[in-house]
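Just below is one structure, and these are the notes that go with it.
Chains as they are written, first to last, in the working numbering: chain V, 314 to 531; chain W, -8 to 230; chain Z, -12 to 213.
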């Protein structure tokens, strides 16, 4: 897995270097102008954050059943990346929304669910850091419950909003925007995979080091 | 269908917390009708070993066989055959002595919890204090009560962590007699202790742990204290 | 199956027996909930009481009181490490979870019996106008909160920093319960009561309860093994 890191990093790097050109070439959106282009840095992290959260939940569930260490390392890496990508999305989002629609934040279903996911995985990191021994198992439980609650958050805010609907809504994209968006998405995805391999390798080496340390004591 | 076993086999048991070794490749065999000692300084891994054998903790590697099967193979039924006297005593201070015994008796599905509780109170010389809250008991009294609690369901395997702590001479003698009775009845008894003089009187064999590692076994427990201290000094000298 | 419920009942009886003696948890939890509401009343009530405030305040008070009760319940099981003694019993371990859950629910029910009239009074909110729907919201909402809370409190019982970690873990996961509870109560308190809306919130809570009770029962044993 560690061998994949350099090619992934290379591919991601290439995409990020060339992305500005492609984004600049993308058509201007009629009402928002240049500001809209932050969208290419907002939506991929936002989508990947949610996917990463689900991935972490599933891997954590598998860890609780099988107790294989590699699943624990992967879950930890996925949680960190969820928080990282979530932070990017939660910063770029309000910046765009402020310019585009005049509000920093809105309690609609998608935003609320994303914020909650981010908070749950920050709690995951706090638990792993400060929970003491055995916190891998506890964190796995949290990730599983966090993943399970996300559809309920979405549904509950949706239901709330049927009574008090919001005035602004994220627009659907015309075709011209699709290519730069998926280009940027691929870049972020490759970066996610690169960082994941790096992080899991780090944990694997940490575990190997612990093992050597223990064996040297024999 | 009840489950029972007559041997306890600990095979290559290890437990690590990151870099901290709690147990390292410990193996031990115990048979019914034996009292086996776990000796070693603080932090040697005795409590961890007992936690794994009692099914509260899982090992990092290695296995514990109850008869021929592991805990996962046997299931929850295994715990009806294990009695634990832990360092923390596991007694509810807000309940009376009798209530504690009846609660645990019922929890373990003991058929006549009330009468067994009364018998247990008599045996531990706590009959007059049966209706008093445990919060008012001394350490020694709680220890005696906790031992009765561990034995209410007539377990096959008895695990004791520092059982002689806080006991006066009379209680110590009575505990030793009790353990010998249980041994004759075919119990497997695993006992972790510091109190080597007392241990000499009751152990059949012992293993010595240090830093989670097995450093020696004692098939003959006479003169235990001196040999044990010599062994520890030797181990300290080589590190 | 009956063995499972027998153990549940034994655990519940034991907790009730302890509680009946000192009533410590009951008194402190109820009084804490009262203090919460008083603070909110001082902060939020103007000449006219704020319409929607009652719903939010009621559920926040339940959440805070619930967290306190959960922490204290498992703190009690830490004294002589009796939680481990329960786990050593030959029963299925989820029976311990259910027994503890019922204890927490009883405690929260007693708290809510005091809390709801008080909030209705201080905020002049018509919480009793639709007692069945309000009762259903309270029952299913409390079950949702307590089911996740009991599991988290149990699994954190031996962890470091457990006092602060419990709310950090519990509140985000139980946000749907809070939203449903508050919005459902608001629907009932509205000028034109939205009974159907309240019904939908109750349905959401029931689904949440089913999912999370199941998940808790499945994960209790692996999470409690050290």
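Idealized CB from N, CA, C, for every residue including glycine. This one's a predicted model, so the numbers in the text were calculated from it and none came from an experiment.
DSSP links residue 170(Z) through a beta bridge to no other residue. DSSP, read as helix, strand or coil, puts residue 124(Z) in helix. Exposure of residue 68(W) is indicated by the presence of fewer than 16 other C-beta atoms within 10 angstroms of its C-beta.
The DSSP assignment places complete alpha helix (DSSP H) segments of no fewer than 4 residues inside the stretch 31 to 60 of chain W at 37 to 44, in order along the chain. At a cut-off of 8 angstroms between beta carbons, residue 458(V) contacts chain Z. For residue 175(W), no beta strand (DSSP E) encloses it; the enclosing alpha helix (DSSP H) starts and ends at 160 to 175. Contacts with chain V (Cβ-Cβ distance below 7 angstroms) from the stretch 155 to 169 of chain Z involve 155, 156, 159, 160, 162, 163, 166 and 167, listed in chain order. Bridge pairing for residue 87(W): 124(W) [DSSP]. Residue pairing by DSSP places residue 5(W) opposite 52(W) in a beta bridge. Only residues of its own chain outside the window of five on either side were considered, and among them 357 and 361 have a CB closer than 8 angstroms to the CB of residue 502(V), listed in chain order.
Beta-bridge pairing by DSSP links residue 75(W) to 150(W). Annotated as distal: residue 24(W) and residue 135(W), with beta-carbon spacing of 8 angstroms or more. Residues of chain Z whose Cβ lies closer than 8 angstroms to the Cβ of residue 68(W) are, in chain order, 77. For residue 17(W), the pairing in a beta bridge is given by DSSP as 4(W). For residue 106(W), the nearest beta carbon of chain Z is not closer than 8 angstroms to its own beta carbon. In the DSSP assignment, residue 319(V) is bridged to no other residue. Here residue 121(W) has 88, 89 and 112 as same chain residues with Cβ atoms under 6 angstroms from its own Cβ, once five neighbours each way along the sequence are excluded. Residue pairing by DSSP puts residue 208(W) in a beta bridge opposite 198(W). Listed along the chain, the chain V residues whose CB falls inside 8 angstroms of the CB of residue 7(W) are 523 and 527. Under the Cβ criterion (8 angstroms, minimum of three pairs), the stretch 491 to 502 of chain V counts as touching the stretch 346 to 355 of chain V. When the beta-carbon positions are compared, residue 5(W) and residue 71(W) stay at least 8 angstroms from each other. At a cut-off of 8 angstroms between beta carbons, residue 469(V) contacts chain Z.
Interface flag for residue 90(W) against chain Z is set, since a Cβ pair is found closer than 8 angstroms.
Here the alpha carbons of residue 1(W) and residue 62(W) stand approximately 12 angstroms from one another. For the pair residue 85(W) and residue -3(Z), the CB atoms are not nearer than the 8 angstroms cut-off. DSSP, reduced to helix, strand and coil, places residue 446(V) outside both helices and strands of the structure shown, so it counts as coil. Scanning its chain for C-beta atoms nearer than 8 angstroms, with the 5 sequence neighbours on each side dropped, one finds around residue 106(Z) the residues 24, 41, 44, 45, 48, 112 and 114, in chain order. Here residue 170(W) is not near residue 140(W), since their CB atoms are 8 angstroms or more apart.
Relative to the Cα of residue 524(V), the nearest Cα in the group -5(W), 3(W) and 12(W) belongs to 12(W). The bridge partners DSSP lists for residue 396(V) come to none. Residue pairing by DSSP places residue 25(W) opposite 179(W) in a beta bridge.
Between residue 55(W) and residue 44(W), the C-beta gap is smaller than 8 angstroms, which places the two residues in contact.
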